[in-house]
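Note sheet for the following structure.
Numbering (my numbering), first residue to last: 127 to 536.
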């Protein structure tokens, strides 16, 4: 259909496949109304507050949700307070219409619904397919600008809108020219829209859209974390259920005999899969230090695993206050010790000036019961969940900030 504009001499041509009731020139926004014979007559002209507010041009084509659509019309609506948004009418080859709504760079894909809703008193929620949609806002909007071909008469009176949300879905109910129509909307990502219309320059996104889903499903995240933690607990129990704690060394080594000299333990056999070896060291340091060097020797391969630890304890009285630093005992691990035959090489050492300290007590335990790793993972997941939930609440507060029905009102 070719339409010349009498105001600006711009010719717009597009095969729309439907009876045109209104046409608005994309260049000067002159409004034409079809008469009884189907001829378009100049009626008026829009004087928009928002200039160049359209992202799509009339005739733009794209494949959205697997179906090719062409943009046949677009309007910009406004409500009191100066808030504007754009709506685009798209048609496929079967003459079926869908709609795209753009606000602050966010997009919602809408289709007309057969269902009817009684929203005359603006109920706080409505139900659709067993899901509750919650009232976000109702308002009276007017058309600030338009362009393209329309199979309905663009209203000069205000359009009453009632919006209900259940992100990523929403239901928009509008009463235009005395007829109420409901639309089911679904948030669509900028990435998906860019894929559908690769040549279109999409606007930058700001804020949180009323139908925009949060980045994580908080409930599903909690369920996944719980299942994962149960799997870890079960695996930990299964791996170690047949293994028992084994004390492989428990002696006090006198500094008079082995200060800075190597002590060799008796051989011992470890049966089972890999497990940590925990070394407990204590000695009577007093304003002094001691050190122990331990090597675990695999008697089959002669491979050695080394560990070294300082034991320090200092105390005093300064500026009217007593202070302490360090401890008489320490504990450390050799991780992933496999089953096999081993012995220990132990070299204790104390400060030369320390004459009071006489011995170092060493206890070495293999497969000492410990749920440390399980607790670390559990605490990590709890912290991550709390952080996700915290940002989710802030996300929702931002979403509902412009609504008179926010569940987060303070």
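C-beta: ideal position from N, C-alpha, C; glycine also.
- As DSSP reads the structure, residue 188 sits in a beta bridge with 195.
- With a contact defined as Cβ atoms closer than 8 Å, residue 499 and residue 401 miss out at about 12 Å.
- If you draw a 10 Å sphere on the C-beta of residue 270, you find 16 or more other C-beta atoms in it, and that means buried.
- Judged by beta-carbon spacing, residue 512 lies beyond the 9 Å limit of residue 347, meaning their Cβ atoms are not closer than that value.
- Contact annotation, residue 410 with residue 454: C-beta distance approximately 7 Å; criterion of less than 8 Å satisfied.
- Fewer than three beta-carbon pairs drawn from the segment 284–304 and the segment 140–158 are found closer than 8 Å, and the two stretches are therefore not classed as touching.
- Beyond the five residues adjoining it in sequence on each side, residue 168 comes within less than 8 Å, by CB distance, of 132, 133, 156, 157 and 158 in the same chain, given in chain order.
- For residue 184, the closest of 200, 170 and 174 by C-alpha to C-alpha distance is 200.
- Straight-line measurement puts the Cα of residue 501 at about 56 Å from the Cα of residue 218.
- With a 10 Å radius around the Cβ and a threshold of 16 neighbouring Cβ atoms, residue 220 comes out exposed.
- Taking the CA atoms as reference points, residue 229 sits about 51 Å from residue 362.
- In the three-state DSSP reduction, residue 138 falls in the strand class (E or B).
- Close CB contacts of residue 472 within its chain, under the 6 Å cut and outside five residues either way in sequence, are with 389 and 420 (chain order).
- A distance of 9 Å or more separates the beta carbons of residue 290 and residue 314.
- Assignment of residue 283 by DSSP, reduced to helix, strand and coil, places it in the coil class.
- A straight-line Cα-Cα distance of about 34 Å links residue 203 and residue 516.
- In the displayed model, residue 239 falls within coil according to three-state DSSP, outside both helix and strand.
- Residue pairing by DSSP puts residue 273 in a beta bridge opposite 200.
- Only residues of its own chain outside the window of five on either side were considered, and among them 279 and 281 have a CB closer than 7 Å to the CB of residue 303, listed in chain order.
- If you look at residue 461, you'll find it in the beta strand (DSSP E) that goes 455–463.
- Residue 148 carries a strand assignment under DSSP once its states are collapsed to helix, strand and coil.
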